[in-house]
Amino acid sequence: MAWHWFTPEEATAIALSLKVATVASLASLPAGVAVAWLLARRRFPGKALLDAVVHLPLVLPPVVMGYALLVLFGSQGPLGRWLEAHLGVVLAFRWTGAALACAVMGFPLMVRAIRLSLEHVDHRLEQAAATLGAAPWRVFLTVTLPLSWPGLVAGVALAFAKALGEFGATITFVAAIPGQTQTLSSAIYGLLQVPGGEQGIWRLAAVALAISLGALLASEWLVRRQRGDGED
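Written out as structure tokens, the structure is:
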């Protein structure tokens with residue numbers, strides 16, 4: 001990326017957005033796989049409630065989710081106080097808090113993509129592996145996960161793209177501190193308040209579009225390649 005095209009503040013916002021989106025999408029992947037597997041493969045009391053809770057970020061205003069995170073993980077929140085006292089971790093008004101907010105907002109998209117992929121895995125292949133003596137965890141790691149690879153790739157790509165564009169939850173939870181928590185979206189919003197900021201807005205919007213589109217196209221290419229390998 002040609003950083004000389006951007007002001008130092010814009011370049012910092014772009015780099016921070018990439019960092020936040022990458023951490024958010026990868027850190028939430030294990031939980032996404034676990035929840036998707038529960039929803040796809042298990043019947044249990046409260047399953048509908050869990051499904052609804054997982055998808056809440058899609059229907060609630062992002063500002064509400066950001067405020068909920070601030071109440072829970074802020075310096076005066078129960079989880080925030082515990083993390084700071086026992087682990088020395090502070091999330092509110094930190095880039096790690098932005099990653100948490102982005103992970104929460106992208107989690108439903110990740111879970112849905114992985115769940116659909118898990119539901120289409122051929123159960124007969126899993127049963128064959130189990131018949132040959134493979135333990136359940138081994139069947140999951142060596143049969144189920146490889147066969148659901150397209151869903152994992154799509155889920156990570158969707159979560160990454162969502163994290164890159166997240167605004168409401170992040171600005172409520174971590175504000176928009178230049179150089180610390182100001183992401184692409186909050187930088188664009190800030191430029192709206194500045195006379196003559198249109199050029200910066202267009203530059204940052206183009207970067208956001210290019211990165212998000214690139215992530216989605218790359219995931220589609222990987223999925224098509226994996227399916228092609230499977231057919232061969």
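Per UniProt numbering, the sequence shown starts with residue 1, numbered consecutively.
The beta carbon of each residue, even a glycine, is placed where N, CA and C say it ideally should be.
These numbers were taken from a predicted model, which means no experiment stands behind them.
Query, Result
"Which ranges does the alpha helix (DSSP H) cover as unbroken runs of at least 4 residues, wholly within the region 35–83, from first to last along the chain?", "47–54, 56–59 and 62–73"
"Can you have a look at residue 286 and say buried or exposed, based on whether 16 or more other CB atoms are within 10 angstroms of its CB?", "With the chain covering 1 to 232 only, the question about residue 286 has no answer from this structure."
"Assuming residue 94 and residue 36 are in contact, meaning their beta carbons sit under 8 Å apart, how far apart are those beta carbons, in whole angstroms?", "Their Cβ separation, rounded to whole angstroms, is 29 Å, which puts residue 94 and residue 36 out of contact at 8 Å."
"Would residue 136 pass as a contact of residue 128 if the rule is Cβ separation under 9 Å?", "no"
"Quick one: what does DSSP say residue 32 is sitting in, helix, strand or coil?", "helix"
"How about residue 158 and residue 106: are their beta carbons less than 9 Å apart?", "yes"
"Just to confirm my understanding: we take residue 230, look at its own chain, exclude 5 residues before and 5 after, and list those with CB closer than 7 Å. What are they?", "Note that residue 230 scores 48 on pLDDT, short of 50, meaning its location in the model is unreliable and no value can be drawn from it."
"Tell me which residues share the same chain as residue 189 and place their Cβ nearer than 8 Å to its Cβ, disregarding the 5 neighbours each side in the sequence.", "167, 171 and 176"
"Contact between the region 61–78 and the region 132–148: three or more CB pairs below 8 Å?", "no"
"Less than 9 Å between the C-beta atoms of residue 251 and residue 161, yes or no?", "This structure leaves residue 251 out entirely; the chain is present only between 1 and 232."
"Please go through the same chain and pick out, in chain order, the residues whose beta-carbon is closer than 7 Å to the beta-carbon of residue 179, but skip the five residues on each side of it.", "12"
"Of the choices 197, 181 and 196, whose alpha-carbon is the least far from that of residue 15?", "181"
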